[in-house]
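Novice: Pasting a structure here, questions to come.
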Amino acid sequence: MRIAFLGLGNMGGPMTRNLVAAGHEVVGYDPVEAARRTAEAAGVSISGSGEEAVRGAEVVFTMFPSGAHVLAAYRGEGGAEGLLAAAAPGTLFIDSSTISVDEAREAAGLARDAGHRALDTPVSGGVAGAAAGTLTFMVGGPAEEYEAALPLLEVMGRKIVHCGESGAGQATKACNNMLLAVTMIGASEAFVLGEKLGLSDEVLYEVMSSSAAQCWAVTTNCPVPGPVGTSPANHDYAPGFATALMAKDLGLALAALEATGTRAEFGRAAQRLYEEFKESGHGGLDFSAIIQRIREENA
Ligand code: NAD
């Protein structure tokens, strides 16, 4: 299949490598020269622009930093024709960027109005998952379009979930990451309280990892060094899942809370905490480093 892949950064680069390895013809574009060069070395044919890449493609993937990038590329900006105008009618547009639910619905609407098909397919699993082809894809859009995309998503992912209509993929990701942030803060507060009560982290871990308090934030990405060998806490909180990305995702969750008028005290508090932690210069640390801030506040 001829696939256009736009956005060859930390995630898009390794994702295209897996598509090429599966035998697809991948035509790519990214304004950053280093990203283009790395993708080219992995077997991607590089085009001179996004529009050039999508001409003749059956499927167009985008993997951009934000919703503004997606909408601008779809529409065309600064004299550019735009991806939707350049693509052949009926092209399947698959946006894997993490963007807001409203932006995803708008992007899908624009694609459909231009005679195309569209899915939102944000991912979880990070750069390591992109490289290993083990991402989780959360898919929003019509069932036939999901079925058409499935063989390609299976090349890049291990778990593919059809979440509902357009925007439902982004909605699922926002809910998932809001809960992840809340559980990480909760786990960190429990460890800090335990330390103040004279408990060792190991004892608390032994109980919390096998009791009703068990969760991914404790058993896989434990915020204290020691109990879980692979957790970023053992490596000075090198990510992992960076605080800056968690703060971005929580900003999107907050937008969804506001848009739906949903009260969510813990989700809103998590958004504030992570935004402040990022702004205080910790954006590059794994998000489990939030325990450092909780410790400082309790010093
Ligand atoms: P990145 O900044 O490394 O890559 C994005 C790339 O898009 C950049 O190279 C940029 O030049 C390119 N780009 C921007 N506008 C473009 C255009 N019009 N045409 C072509 N290319 C364009 O970001 P990333 O880490 O690869 O993340 C991409 C998306 O995936 C983000 O939305 C992010 O939130 C999401 N995500 C990232 C991770 C992660 O661990 N990095 C995990 C899950 C989801």
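Going by this note's numbering, the first residue of the sequence shown is number 103, and it counts up by one from there. The beta-carbon is built from N, C-alpha and C at its ideal position, and this holds for glycine as well. Since the structure is predicted, the reported quantities are computational estimates derived from the model, not experimental observations.
So is G181 buried or exposed if we call it buried at 16+ other beta carbons inside 10 Å?
Specialist: exposed
Novice: For V305, decide whether its Cβ has a neighbour in chain D, counting only Cβ atoms nearer than 7 angstroms.
Specialist: No chain D appears in this structure, which consists of one protein chain only.
Novice: Looking only at its own chain, which residues have a Cβ that is under 6 angstroms from the Cβ of V128, when we skip the five neighbours before and after it?
Specialist: I105, F107, T118, L121, V122 and V146
Novice: Tell me the DSSP secondary structure of L194 in three-state form.
Specialist: For L194, the three-state secondary structure derived from DSSP is strand.
Novice: Relative to the alpha-carbon of A175, which residue among S202, G109 and G125 has its alpha-carbon at the smallest distance?
Specialist: When only C-alpha atoms are compared, the closest one is G109.
Novice: What's the gap between the Cα of A361 and the Cα of S302?
Specialist: 43 angstroms
Novice: By DSSP, does E127 sit in helix, in strand, or in coil?
Specialist: strand
Novice: What whole-angstrom Cβ distance do P116 and A232 have, given they're in contact under 8 angstroms?
Specialist: 4 angstroms
Novice: Given the structure, does S202 come close to the ligand NAD, in the sense that its CB is under 6 angstroms from one of the ligand's heavy atoms?
Specialist: no
Novice: Go ahead and label L295 buried or exposed: buried means 16 or more other beta carbons lie within 10 angstroms of its beta carbon, across all protein chains shown.
Specialist: Counting Cβ neighbours within 10 Å, L295 comes out exposed, since fewer than 16 surround it.
Novice: Could you check which residue in T200, S390, A292 and V203 has the C-alpha nearest to that of P334?
Specialist: Among T200, S390, A292 and V203, the Cα nearest to that of P334 is on S390.
Novice: In the structure shown, what three-state DSSP assignment does C259 receive?
Specialist: The displayed chain sequence assigns Gly, not Cys, to residue 259. Note: G259 maps to strand in three-state DSSP.
Novice: When we look at the beta-carbon of L186 and count the other beta-carbons within 10 Å, is it buried (16 or more) or exposed?
Specialist: Around the C-beta of L186, 16 or more other C-beta atoms lie within 10 Å, and the residue is accordingly described as buried.
Novice: If we call anything under 7 angstroms between Cβ atoms a contact, is A349 one with K380?
Specialist: Cβ distance < 7 angstroms, so A349 and K380 count as in contact.
Novice: Below 8 angstroms CB to CB, which residues in the same chain sit around I392 once its five sequence neighbours on both sides are set aside?
Specialist: M286, I287, S290, P325, T345, L375, Y376 and F379
Novice: Figure out for me which residue from A276, F166 and D222 has the closest Cα to the Cα of R370.
Specialist: A276
Novice: For M240 and V257, which I take to be in contact (beta-carbon distance under 8 angstroms), what is that distance rounded to the nearest angstrom?
Specialist: About 17 angstroms; that fails the 8 angstroms criterion.
Novice: For the alpha helix (DSSP H) containing L356, name the first residue and the last one.
Specialist: T345 to T362
Novice: Is it true that the CB of E247 sits closer than 7 angstroms to the CB of R219?
Specialist: yes
Novice: Using three-state DSSP, classify F166 as helix, strand or coil.
Specialist: F166 falls in the coil class under three-state DSSP.
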